[in-house]
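Below is one structure, written out as structure tokens; comments come after it.
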Amino acid sequence: MKFKINKFTTEAQVVFDKTLKLNKVEFEGANKLKIGLGEQALNGKMLQKLATTLANTANQFNLKALFLPVLISVEADDFVYIVTQAIANNDYQVQKIDAETPKENALQSVTFESGKQSSIDKALATVNGMALARTLGDMPSNICTPTYLAQTAQELAKEFRLKCEVLEESDMLALGMGSLLSVSKGSIEPPKLISLSYQGKGNAKPIVLVGKGVTFDSGGISLKPGAGMDEMKYDMCGAASVLGAMRAVAEMKLKVNLTIVVPAVENMPAHNASKPGDVVKSMSGQTIEILNTDAEGRLILCDALTYAQKFDPAVVIDVATLTGAVIMALGKHHSGVMANDQSLADDLIEAGKSAIDTAWQLPLDDEYDELLQSNFADMGNIGVCGGGKAGSVIAACFLSRFTKDYRWAHLDIAGTAWVSGAKKGATGRPVPLLTQYILNQI
Ligand code: BES
Ligand code: MN
Ligand code: ZN
Numbered sequence: 118m119k120f121k122i123n124k125f126t127t128e129a130q131v132v133f134d135k136t137l138k139l140n141k142v143e144f145e146g147a148n149k150l151k152i153g154l155g156e157q158a159l160n161g162k163m164l165q166k167l168a169t170t171l172a173n174t175a176n177q178f179n180l181k182a183l184f185l186p187v188l189i190s191v192e193a194d195d196f197v198y199i200v201t202q203a204i205a206n207n208d209y210q211v212q213k214i215d216a217e218t219p220k221e222n223a224l225q226s227v228t229f230e231s232g233k234q235s236s237i238d239k240a241l242a243t244v245n246g247m248a249l250a251r252t253l254g255d256m257p258s259n260i261c262t263p264t265y266l267a268q269t270a271q272e273l274a275k276e277f278r279l280k281c282e283v284l285e286e287s288d289m290l291a292l293g294m295g296s297l298l299s300v301s302k303g304s305i306e307p308p309k310l311i312s313l314s315y316q317g318k319g320n321a322k323p324i325v326l327v328g329k330g331v332t333f334d335s336g337g338i339s340l341k342p343g344a345g346m347d348e349m350k351y352d353m354c355g356a357a358s359v360l361g362a363m364r365a366v367a368e369m370k371l372k373v374n375l376t377i378v379v380p381a382v383e384n385m386p387a388h389n390a391s392k393p394g395d396v397v398k399s400m401s402g403q404t405i406e407i408l409n410t411d412a413e414g415r416l417i418l419c420d421a422l423t424y425a426q427k428f429d430p431a432v433v434i435d436v437a438t439l440t441g442a443v444i445m446a447l448g449k450h451h452s453g454v455m456a457n458d459q460s461l462a463d464d465l466i467e468a469g470k471s472a473i474d475t476a477w478q479l480p481l482d483d484e485y486d487e488l489l490q491s492n493f494a495d496m497g498n499i500g501v502c503g504g505g506k507a508g509s510v511i512a513a514c515f516l517s518r519f520t521k522d523y524r525w526a527h528l529d530i531a532g533t534a535w536v537s538g539a540k541k542g543a544t545g546r547p548v549p550l551l552t553q554y555i556l557n558q559i
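Take a look at the structure:
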């Protein structure tokens, strides 16, 4: 699809109308589309929905082109960015395995009356990153294995001249990653620790993004219930989103240094899988009692977070479908943010607001951290509060024990990375938030 900035004189255009209900679309004459703004002042989220409705209407009525005046109530650059992001992302089509490519949507071009080309470029790079994240997320776990994620990273490295390194099981053993390996050992799929580096700013300290890459989370010996278990193919959406953010940054050729680290494993029950009560030693030297093999995300992330130290990071942000509890707390709208540095949390929340990919902060206090105590190791991998209480915060407290040496934030995307039900599919979130955060650091 083409997006352009061009003064237009044609009659075929979209008119925004305050008297119409928000999101309502009406035809007025042959070439005029009236779209309702509603009476409230328009915010970014409403604009995103409006743009999606507009694209769907255009496709439904076979309109090939839209001519959009820029709304005065929204800043022109934001308008162009938000609308382009929404319409381009809406154009993404879910592809069935081995099926023919679905036919293209009717809408082929969007012309804005004013604004900057750079807003369009930023939106399209973001959407390309989201498309990568969505494709990987939707892929079944018999295709998207840790090995597949490593190959994807190597392909990205080739395309964008990035530095790629893939550690094998034996390398991780040599580094002492007993925690990560305790998760993968029950699976036939070999684990991979993937890192990709983009250098756009000489020797500056890099932003490091760490993405949880559990390509299938059965729960392990602490097996999950059967209903909805297919959705645990999405447990690598953290990995998919950091790969997506890397793609967006590399495509925009930003003047930053960015490294992504992806611990990729499959969590399976087996005769040689970890068992509740097992004690393992992490790369940091701290020991962990595995009280529940389904709390595996933190077990792989803690070693990846220790490994991240070697990149001498400016900040480290991990992204993970870490807890079902974050869906209880925030539903499917906001990602959860937890951080050991308030200004970093603030920056992420701000980036989420402008990219319409929002996040909400949860606390991290010592009282929660104390619940991780264990009689047999330095910590347990779940809290001793009978379960169900503040699970997202306790998980983040666990991670914070491995991030003492740098500014760190954690994004729990269990609620936002995909949608369930009839429209089941990956969302590409939080690629927009991450990309915007990185842009804001320049
Ligand atoms: N991948 C899951 C979290 C999850 C659950 C994401 C449901 C999306 C939907 C994670 O590995 C997990 O199983 N977490 C447990 C932790 C518990 C055992 C302390 C959870 O949330 O139930
Ligand atoms: Mn789990
Ligand atoms: Zn998981």
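Residue numbering for the sequence shown is 118 to 559, as defined by my numbering. All C-beta atoms, glycine included, are put in the ideal place defined by N, C-alpha and C. Just so you know, these numbers come straight off a predicted model, no measurement behind them.
Of the residues I555, L479 and R415, the one whose Cα lies closest to the Cα of V366 is I555.
If you ignore the 5 residues before and after G441, its C-beta comes within less than 8 Å of the C-beta of G508 and A531, all in its own chain and listed in chain order.
V187 and M163 have their C-alpha atoms roughly 15 Å apart. Under the criterion of beta carbons closer than 8 Å, L139 and L154 qualify as touching, at roughly 6 Å. Separation of the CB atoms of C419 and S299 is rounded to 11 Å, and the pair is thereby denied contact status at 8 Å. Screening all residues for a C-beta within a distance smaller than 5 Å of any heavy atom in the ligand BES leaves D334, D352, N409, D411, A412, G414, T438, T440, G441, I499 and A531, in chain order. Beta-bridge analysis with DSSP links L297 to no other residue. The ligand ZN never approaches V382 closely enough for any of its heavy atoms to be under 7 Å from the residue's Cβ. In the structure shown, the three-state DSSP call for G330 is strand. Going by DSSP, Q202 is part of the alpha helix (DSSP H) stretching over A193 to D208.
Around the beta-carbon of K329, 16 or more other beta-carbon atoms lie within 10 Å, marking it buried.
In its chain, beyond the 5 residues on either side, N374 have a beta carbon closer than 7 Å to the beta carbon of A321. Relative to the non-hydrogen atoms of the ligand ZN, the Cβ of V283 never comes closer than 7 Å to any of them. Annotated as distal: G361 and G469, with beta-carbon spacing of 8 Å or more. T218 is classed as exposed because its beta carbon has fewer than 16 other beta carbons within 10 Å across all chains shown.
Per DSSP, G153 is one residue of the beta strand (DSSP E) stretching across K149 to G153.
According to DSSP, E406 shares a beta bridge with V396 and G497.
Between G545 and the set L422, S236, T475 and D429, the nearest pair of CA atoms involves T475. Taking 8 Å as the upper bound for CB-CB distance, A250 and A543 are in contact here, some 6 Å apart.
G336 has its CB nearer than 7 Å to a heavy atom of the ligand MN.
Residue pairing by DSSP puts D435 in a beta bridge opposite V327 and H527. When DSSP states are grouped into helix, strand and coil, A240 belongs to the helix group. For N173, there is no enclosing beta strand (DSSP E); the residue is found in the alpha helix (DSSP H) stretching over G161 to Q177.
CA-to-CA, the gap between R278 and M369 works out to about 13 Å. Per the DSSP secondary-structure output, D134 pairs in a beta bridge with G153. Not one heavy atom of the ligand ZN is found less than 7 Å from the C-beta of V443. I199 sits close to G161, with the two beta carbons spaced by under 8 Å. If you check the C-beta of V331 against the ligand ZN, you find a heavy atom less than 7 Å away. As DSSP reads the structure, P430 sits in no beta bridge.
The count of Cβ pairs closer than 8 Å, one atom from the stretch 436 to 454 and one from the stretch 165 to 180, stays below three, leaving the stretches out of contact. With 16 or more other Cβ atoms from the protein chains shown falling within 10 Å of its own Cβ, C354 counts as buried.
DSSP, read as helix, strand or coil, puts G542 in strand. Counting the other CB atoms within 10 Å of its CB gives N557 a total below 16, which places it among the exposed residues. Inter-residue distance for F144 and T269 is about 45 Å (C-alpha atoms, whole angstroms). The straight-line gap separating the alpha-carbon atoms of S231 and N123 is approximately 7 Å.
By the criterion of a C-beta distance shorter than 7 Å, Y351 is surrounded in its chain by G254, T438, A534, W535 and A543, once the five residues flanking it on both sides are discounted.
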